[in-house]
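Trainee: Numbering (my numbering), first residue to last: 89 to 242. C-beta atoms are modelled at their ideal positions from N, C-alpha and C, and glycine is treated no differently. What you are looking at is a predicted structure, and each value in this text was computed from that prediction instead of being measured.
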């Protein structure tokens, strides 16, 4: 009777950006997908980034900035390939790799709908309390706009 009430995870969407937290999230998403026999989609949100080292250093030092910067398109594919390789090593036979552009949280939500994902897995970045309160986080934006399962990996 308990299994009839428990929701089943059938399709996991994992956002990857090449960071250590995202790499850990990709490994956990693959482990979970293998254990639950769920589908797995990796998504990199890409965009051509015009940035400067000085501005990036200032934003990082202050914990400020706008929406997290999307991956440069040239790096998105290698990030996805690494995530897929990790999943394959864990026994995941088939994964889907997608690259999209746009606002990161909105893109994750629209792709979740597109692929039929019921769970989103993300790496948790260690931002300052000030940055989180001013800018918010991708995870917080997703949680406030969706009823999907959301798993954050440290």
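(1) Buried or exposed, going by whether 16 or more other CB atoms sit within 10 Å of the CB of residue 202?
(2) Less than 8 Å between the CB atoms is what I'm expecting for residue 165 and residue 187, so what's the real figure, rounded?
(3) Excluding the 5 residues preceding and the 5 following residue 227 in the sequence, name in chain order all residues of the same chain whose CB lies nearer than 8 Å to its CB.
(4) Taking DSSP's pairing of strands, which residues face residue 237 in a bridge?
(5) State yes or no: is the C-beta of residue 172 within less than 9 Å of the C-beta of residue 161?
(6) To which residues does DSSP link residue 133 through a beta bridge?
(7) Would you mind sorting residue 204 into buried or exposed? The rule is 16 or more other CB atoms within 10 Å of its CB.
(8) Counting only beta-carbon atoms, is residue 227 nearer than 9 Å to chain C?
(9) Bridge partners for residue 124 per DSSP, in chain order?
(10) Taking the alpha-carbon of residue 103 as reference, which of 196, 231, 232 has the nearest alpha-carbon?
(11) In angstroms, rounded to a whole number, what distance separates the CA positions of residue 230 and residue 200?
(12) With DSSP run on the structure shown, which of helix, strand or coil describes residue 230?
(13) Straight-line CA distance for residue 178 to residue 125?
(14) As a quick exercise: from 176, 208, 113, 167, pick the residue whose alpha carbon is nearest that of residue 122.
(15) In the DSSP assignment, find the alpha helix (DSSP H) that holds residue 159 and state where it starts and stops.
Mentor: The answer reads as follows:
(1) The residue is exposed, with fewer than 16 neighbouring Cβ atoms inside 10 Å.
(2) Between residue 187 and residue 165 the Cβ distance is about 7 Å, and since that is below 8 Å, they are a contact.
(3) The residues are 210, 212, 238, 240.
(4) According to DSSP, which records beta bridges pairwise, residue 237 is partnered with 207.
(5) Cβ atoms of residue 172 and residue 161: not closer than 9 Å.
(6) Within the DSSP bridge table, the entry for residue 133 names 188 as partners.
(7) So residue 204 counts as exposed.
(8) The chain labelled as chain C is not found in the depicted structure, where only one protein chain is given.
(9) Partner(s): none; residue 124 has no beta bridge.
(10) Taking only the C-alpha atoms, the option nearest residue 103 is 196.
(11) Rounded to the nearest angstrom, the two C-alpha atoms are 11 Å apart.
(12) Reduced to three states, the DSSP call for residue 230 is helix.
(13) The alpha-carbon separation between residue 178 and residue 125 amounts to approximately 12 Å.
(14) Nearest Cα to residue 122 within the set 176, 208, 113, 167: 176.
(15) Segment: none, residue 159 is in no alpha helix (DSSP H) and carries neither H nor E.
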